[in-house]
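Reading the sequence shown from the start, the letters are residues 703 to 858 in our numbering. Glycine residues also receive a C-beta, built at the ideal position from the N, C-alpha and C atoms.
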Amino acid sequence: MAATVAIDKSLLAFLNGIARRLYFKDDSISDELLRTEVLGGISETEYNQKLRRYQLLLNSIVTADMNYNQLDAFLKSQLQKREGALSATEAATVTKFWQSQKAKIHETLVKDCVWDNQMKSINWRIDVCTKSRHLEQLNQPTTIVEMKLEVSNVCA
C-alpha cells in the first residue's frame, strides 16, 4: 500500500476493538461501545454489516498468518472486487493495523493452542574420558543433555 494514503482512525480503532474482543478475549469491548463510541453511532444494520465484513477480513488475514507481501497481494485483490471492494484508505488502515498487531495476535493464538509444557532450549555435549584409573573407562563417550522447559499454566 502506498505510504501517501491517509489512515482512517475510526476504522483503525474499530479493527483494534474487534481484535481485542476476538483474539485477546477482552469482554469490555461491546457491540454498543464499538457502534456508538468508535463508529460515531451508525445504525444497527450498518454496524452489523461493517462488523461482519471486517471480522471476515481479519479472519482471513489471521488464519493465513499473512506476511506483508501476502497482505499486500490480498488487499490489492480486495480493492479490485466488483461488489464490496475496499477503498485505498481502508486497505492502508488494515495494513497499519496488521503491522502493529500481527506479532501480538500470533503470540496469543499460539499460546491458546499449547496445552502442555514447551521446550525453551536444549544444550548438549559429548565428553570423552582421556584419563582414567581403569582402562575400561578410557575413551568411553558420555553424553550430557540439558533441556529447559516452560511449564504451561493451562488448567484442565
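Closer than 7 Å by C-beta to residue i: which residues in its own chain qualify, once you throw out the five before and the five after it? Chain order, please.
i    : result
E852 : N819, Q820, K822
I876 : The structure shown does not extend to residue 876, since the chain is modelled only from 703 to 858, so the question has no answer here.
A858 : Note that A858 scores 44 on pLDDT, short of 50, meaning its location in the model is unreliable and no value can be drawn from it.
When the Cα atoms are used, what is the spatial distance from residue i to residue j?
i    : j    : result
T795 : S854 : 36 Å
Q751 : N769 : 27 Å
L736 : L753 : 9 Å
C815 : E809 : 10 Å
A704 : I763 : At A704, the pLDDT of 45 sits below 50, so the modelled position is not reliable and the matter cannot be decided from this model.
N771 : T832 : 55 Å
Can residue i and residue j be called in contact, C-beta distance under 8 Å?
i    : j    : result
Q803 : A721 : yes
L788 : Q780 : yes
I717 : F799 : One detail in the question is off: residue 717 reads as Leu in this sequence, not Ile. Yes; because the gap between Cβ atoms is below 8 Å, this pair is in contact.
Y749 : L741 : yes
L811 : Y756 : no
V707 : T791 : yes
Between which residues of its own chain and residue i is the CB-CB distance below 6 Å, once the five residues before and five after are set aside?
i    : result
P843 : I828, V830
Checklist entry - Which runs of the alpha helix (DSSP H), 4 residues or longer, sit entirely within the stretch 764-837? => result With a minimum length of 4 residues, the continuous alpha helix (DSSP H) runs that stay inside the stretch 764-837 are 770-781, 790-815.
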